[in-house]
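Peer 1: Our numbering puts the first residue of the sequence shown at 127, with every later residue one more than the last.
Submitted below is the structure of interest, expressed as structure tokens.
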Amino acid sequence: MYHRAVSRSTLTIIRNYLGRDFTLRTHRRTFSRTSGTLKESTISAKKTNEEWRKTLSPQRYHILREKGTEVRGTGLYNEHNETGVYLCAACHSRLYESSHKFSSGCGWPAFYDSVPGAVNRNLDTSFGRIRTEITCSNCDSHLGHVFQGEGYNYTPADERHCVNSLSLKFERPDGSVDDSEDK
Ligand SMILES: [Zn+2]
127 MYHRAVSRST
137 LTIIRNYLGR
147 DFTLRTHRRT
157 FSRTSGTLKE
167 STISAKKTNE
177 EWRKTLSPQR
187 YHILREKGTE
197 VRGTGLYNEH
207 NETGVYLCAA
217 CHSRLYESSH
227 KFSSGCGWPA
237 FYDSVPGAVN
247 RNLDTSFGRI
257 RTEITCSNCD
267 SHLGHVFQGE
277 GYNYTPADER
287 HCVNSLSLKF
297 ERPDGSVDDS
307 EDK
């Protein structure tokens, strides 16, 4: 099958070129580790943008599917320090542990690392800048950008995952999920 023969980065370039309605057709499944067991995300990652539009609030849709950026300092999880796990707001894959979060003062939630394999990196040359976009590896939704070498010496790789709060939901240790920004 053609889509299986090309790399993810190529698919990203093709998708960006063709526009927002191009949907990955490769079969991808994601598993997350919960208390020593693997739990598969229960929300399909294979949706058209019209289907995503029906399940996401307009604000979330703009960030996740149109690569938007929320206004600095306004996000629900910008200054949020509870213990738990941050999920992809679109497909509920587990992206970041609360132990990955740190206070950067940048105005958006900041993480120094992610759950292994949960986040993909893509070259972003929009607005005349070269940046590294981060997306959910399960559903390809936009999360934010990762910045390196900013001098956060207490983070192992000196990296800052700068993530929109609207790209995230928060799962508490009891399994309940904060979906207060859903429609
Ligand atoms: Zn996702």
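Glycine is no exception: its CB is placed at the ideal position from the N, C-alpha and C atoms.
Small disclaimer: the values here were computed from a predicted structure and weren't measured.
1. Confirm, please, whether the CB-CB distance from T209 to K290 is below 8 Å.
2. Is A283 near ligand 1, judged by its Cβ being under 7 Å from some heavy atom?
3. Name, in chain order, the residues that DSSP records as bridge partners for Q274.
4. Since K295 is in the alpha helix (DSSP H), which residue starts that stretch and which ends it?
5. Using the Cα positions of Y222 and N207, report the straight-line distance between them to the nearest angstrom.
6. If you measure from the CB of C288, is any heavy atom of ligand 2 nearer than 7 Å?
7. For Y187, does the three-state DSSP call read helix, strand or coil?
8. At a cut-off of 7 Å, is C232 close to ligand 1 when judged by its beta-carbon and the heavy atoms of the ligand?
9. Check whether the Cβ of S183 lies closer than 7 Å to any heavy atom of ligand 1, and answer yes or no.
10. Measuring only the C-alpha atoms, how far is F157 from P242?
11. Report the three-state DSSP secondary structure of N175 (helix, strand or coil).
12. Flag S219 as yes when its Cβ comes closer than 7 Å to any non-hydrogen atom of ligand 1, and as no otherwise.
13. Keeping to the same chain, check which residues put their C-beta closer than 8 Å to that of S314; ignore five residues upstream and five downstream.
14. Would E297 pass as a contact of S183 if the rule is Cβ separation under 8 Å?
Peer 2: Put simply:
1. A quick correction: the sequence has Asn, not Lys, at residue 290. Against a cut-off of 8 Å, the Cβ pair of T209 and N290 comes out as no contact.
2. no
3. E285
4. Element bounds for K295: not the alpha helix (DSSP H) but the beta strand (DSSP E), 294-297.
5. 13 Å
6. In terms of ligand content, the structure shown lacks ligand 2 and carries ligand 1 instead.
7. helix
8. no
9. No.
10. At F157 the pLDDT is 42, less than 50, meaning the model places this residue with poor confidence and gives no usable figure here.
11. Three-state DSSP puts N175 in a helix.
12. Indeed, a heavy atom of ligand 1 lies less than 7 Å from the Cβ.
13. Outside the modelled stretch of the chain, which goes from 127 to 309, sits residue 314, for which no answer is possible.
14. no
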